[in-house]
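Inspection log for the structure reproduced underneath, given as C-alpha cells.
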Amino acid sequence: MSAQIPLGLALPKRPARGREAFRVSASNAAAVALIDRWRSWPNGLLTLTGPEGAGKTHLAHVWAGETGAERVAAATLDPADPPALVAAGAAAVEDADRIGGDARAEAALFHLINLARAEGAALLITGRGAPQSWPIRMPDLASRLAGAMSASLEPPDEALIADLLAKHFHDRGLQVDEGVLRFLGRRIERSAAAAAATVARLDEAALDAGRRITLPFVKEVTGL
1 MSAQIPLGLA
11 LPKRPARGRE
21 AFRVSASNAA
31 AVALIDRWRS
41 WPNGLLTLTG
51 PEGAGKTHLA
61 HVWAGETGAE
71 RVAAATLDPA
81 DPPALVAAGA
91 AAVEDADRIG
101 GDARAEAALF
111 HLINLARAEG
121 AALLITGRGA
131 PQSWPIRMPD
141 LASRLAGAMS
151 ASLEPPDEAL
161 IADLLAKHFH
171 DRGLQVDEGV
181 LRFLGRRIER
191 SAAAAAATVA
201 RLDEAALDAG
211 RRITLPFVKE
221 VTGL
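The numbering of the sequence shown is UniProt numbering, which starts it at 1 and goes up by one.
Okay, structure coming up:
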C-alpha cells in the first residue's frame, strides 16, 4: 500500500502549475497542440475556451512560463495597460467572458488586440464558452474575438479525471492508492470541478476523522 502523509497537519495547498503537472488526454490534446504552435497563430491571437475548472488557467500559466507572457485578469484591464503588456512580446488575458458591459475593460481589451497585432506580439485570451456567446457589448471587440482562432478544452474523459484526482491529492500533500483513483474516476461526475470538490471533501473528512484516505473510507464518505 502506498504511504500517505499523516493527516492532521496544516499542509499548504499549492496547486502545481508547471508543464509537467498539466495532464494531457484525448479531451484536451488538440488544444494543447494549438497552444504549443503559438508562433503560427493567425494575427498572433488565440482564444482558449472551456468549462470552469477545465484547465484554462493552468494552461495559460504554462504558456506564460514558456513565452515570457504577462498574465492579467480581463476585468482588471485598463486602457493604459496594453503598451506594457505588448512590450513583453506576449500576454495572456484570463476570463474575458466576464467583462461584458464593462466599457473600460472592453475598450482596453480591444486596444490590446489591435496593438498586439500591430507589434507582432502573441495574445492568449481565455474564457468559458465560445467567444460568440460572451456578452461583449462593443461590436468591434465582439467581431475580433469571434473571428480569432479558438482552442477548446473539452470535458475530461475517464483517464483525465483520474489524473486530475491524483493532481489534487498531490497538491494537498496526500498520496492515495491507485485503487482509490480508479474507483473515483469511474464514478464521479466527468468534470474538473467535480474532481477538485471530491478531493477537497475527502481531505476535510479525513482531517476531521483523523483517518487515512483508503478505499473503504472513500466509499463511506462519498456513498459511491
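Every residue gets a Cβ at the ideal spot worked out from N, C-alpha and C, and that includes glycine.
Separation of residue j from residue i, as counted between CA atoms
i           : j    : result
P79         : L123 : 16 Å
A60         : K219 : 35 Å
A146        : A206 : 46 Å
R190        : P156 : 6 Å
G223        : R23  : 27 Å
A209        : R201 : 12 Å
T49         : R211 : 39 Å
A197        : A29  : 24 Å
A162        : A118 : 43 Å
Q132        : P82  : 23 Å
L184        : V221 : 12 Å
L77         : K167 : 31 Å
residue 231 : S40  : This structure cannot settle anything about residue 231, because the visible part of the chain is limited to 1 through 224.
G53         : S25  : 15 Å
E70         : P51  : 23 Å
Limits of the unbroken alpha helix (DSSP H) element including residue i
i    : result
V199 : A192 to A209
V86  : P82 to A87
L181 : E178 to G185
L59  : K56 to T67
L34  : A29 to D36
Beta-carbon proximity of residue i to residue j, cut-off 8 Å
i    : j    : result
V72  : L115 : no
L165 : G55  : no
A92  : W63  : yes
A192 : I35  : no
G129 : D97  : yes
L46  : M149 : yes
R144 : F110 : yes
G68  : G89  : yes
A107 : A75  : no
D177 : L215 : yes
G120 : G44  : yes
E158 : R187 : no
S27  : L174 : no
G100 : I125 : no
Extent of the continuous beta strand (DSSP E) to which residue i belongs
i    : result
V72  : E70 to A73
V93  : A90 to E94
L109 : That residue, L109, is in no beta strand (DSSP E); its alpha helix (DSSP H) goes A103 to E119.
L46  : L45 to T49
DSSP-derived helix/strand/coil call for residue i
i    : result
L224 : coil
P216 : helix
L7   : With a pLDDT of 34 at L7, under the threshold of 50, the modelled position of this residue cannot be trusted, and the question is left open.
Minimum length 3: unbroken beta strand (DSSP E) runs contained in the segment 124-173: 149-152
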